[in-house]
Amino acid sequence: MRRIAIAGSLILLLLAAPAAAAPAKKVVKGDKKELRGVTRIYVQANDKEYRRIIETYIMEELRGMSIVSLMSEADAVLTFTYENPERKKSTQFKYKGHNPRKMRVEEYDYDNFIMQGRGEIFKVTGYAPDSQKVTLRLLAEWESGKINLAEVTDLQIAPLDFAREFVKLWRKYN
């Protein structure tokens, strides 16, 4: 029985090895001029509220633009996330195993917790219905200034700024 488990583990390991060894897909960069003719966009954000802010602003400013619910139906894809550009420390208790005596403490300073908004604009260059994969080309990247959460309570500023940047670029090339 033990031999079967070991053999099964080896087979799984061998099957996973080619996938792990495969290089990551390279991001293909395009030109902002490719925004010409874009009329359907898909918005992806790490929070529903940020997505709503971006979509609402774009719909108010660009009357001919439509927001689609599937990435495969879009001419362009906008992504927005908040990230922590600096790994600050806070207090966390981590146990090694199940023994509380082997507890280790990691400290994080939440008073100086820094966040940064990051947005990307992609052009949809293809869609394969059989695999349901969308191919994208990066047109533009945007970053907000660093936001200290101890000082700022309104995190809606960065998604709104990203939406403004998209509208400005779209108007420039259309």
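Heads up: the sequence shown begins at 1 in the working numbering, then just goes up one per residue.
Glycine included, each C-beta is placed from N, C-alpha and C at the ideal position.
key: Whole-number beta carbon distance between GLY64 and THR81, since they are thought to touch under 8 Å   = Taking the sequence shown and counting its residues from 1, the one referred to as residue 81 is at position 81. Taking the sequence shown and counting its residues from 1, the one referred to as residue 64 is at position 64. Not confirmed; about 27 Å, so no contact.
message = For the alpha helix (DSSP H) containing ALA163, name the first residue and the last one.
response = Reading the sequence shown from its first residue, position 163 is the one you call residue 163. Looking at the DSSP string, the run of the alpha helix (DSSP H) that includes ALA163 is 157-173.
query = Where does MET65 fall in DSSP's three states?
reply = Taking the first residue of the sequence shown as position 1, residue 65 is located at position 65. DSSP places MET65 in coil when its eight states are reduced to three.
request  = Spatial neighbours of GLU141 within its chain, please: CB distance less than 7 Å, with the 5 preceding and 5 following residues excluded, ordered by chain position.
outcome  = One-based indexing of the sequence shown puts residue 141 at position 141. For GLU141, where only same-chain residues beyond five positions count, the Cβ hits under 7 Å are GLU120.
Straight-line gap, ASN84 to GLY145 (C-alpha atoms, nearest Å) = Residue numbering aside, residue 84 sits at position 84 when the sequence shown is read from its first letter. Residue numbering aside, residue 145 sits at position 145 when the sequence shown is read from its first letter. Distance between the alpha carbons of ASN84 and GLY145: 12 Å.
request  = May I ask which residues mark the beginning and end of the beta strand (DSSP E) holding GLU143?
outcome  = One-based indexing of the sequence shown puts residue 143 at position 143. Note, GLU143: beta strand (DSSP E), 133-148.
ask   = Cβ of TYR57 within 8 Å of Cβ of LEU160?
value = As a working note, residue 57 is residue 57 in the sequence shown. As a working note, residue 160 is residue 160 in the sequence shown. Contact: yes.
task = Quickly, what does DSSP pair VAL124 with across the bridge? List them, please.
result = As a working mapping, residue 124 is identified with position 124 in the sequence shown. Partner(s): LEU136.
request  = State yes or no: is the C-beta of VAL77 within less than 8 Å of the C-beta of VAL124?
outcome  = Residue mapping note: residue 77 aligns to position 77 of the sequence shown, counting from 1. Residue mapping note: residue 124 aligns to position 124 of the sequence shown, counting from 1. Contact: yes.
request  = Check whether the Cβ atoms of GLY37 and LEU138 lie closer than 8 Å to each other.
outcome  = Position 37 of the sequence shown, counted from the start, is the residue given in the question as residue 37. Position 138 of the sequence shown, counted from the start, is the residue given in the question as residue 138. No, the pair does not count as a contact, with Cβ atoms beyond the cut-off.
task = Check whether the Cβ atoms of MET71 and VAL134 lie closer than 8 Å to each other.
result = Numbered from 1 along the sequence shown, position 71 holds the residue referred to as residue 71. Numbered from 1 along the sequence shown, position 134 holds the residue referred to as residue 134. Yes, they are a contact pair.
Residue from SER131, LEU155, TRP170 with nearest C-alpha to ARG51 = What you label residue 51 is simply residue 51 of the sequence shown in a count that begins at 1. For ARG51, the nearest C-alpha among the options comes from LEU155.
task = Measure the Cβ-Cβ separation of TYR127 and LEU35 and say whether it is below 8 Å.
result = By 1-based counting over the sequence shown, the position of residue 127 is 127. By 1-based counting over the sequence shown, the position of residue 35 is 35. No; because the gap between Cβ atoms is not below 8 Å, this pair is not in contact.
task = Could you work out which residue in ASP130, GLU151, PRO129 is closest to MET115 when comparing CA atoms only?
result = Here the question's residue 115 lines up with position 115 in the sequence shown. The shortest Cα separation from MET115 among ASP130, GLU151, PRO129 belongs to GLU151.
inquiry  = Considering only their Cβ atoms, is the gap separating GLY117 from ALA163 smaller than 8 Å?
reply    = Residue mapping note: residue 163 aligns to position 163 of the sequence shown, counting from 1. Residue mapping note: residue 117 aligns to position 117 of the sequence shown, counting from 1. Between ALA163 and GLY117, the C-beta gap is not smaller than 8 Å, which leaves the two residues out of contact.
ask   = To the nearest angstrom, how far is it from the Cα of LEU15 to the Cα of TRP170?
value = Within the sequence shown, the letter at position 15 stands for residue 15. Within the sequence shown, the letter at position 170 stands for residue 170. The predicted model places LEU15 with a pLDDT of 38, which falls under 50 and marks its position as unreliable; any figure quoted below should be read in that light. Each residue's alpha carbon lies about 45 Å from the other.
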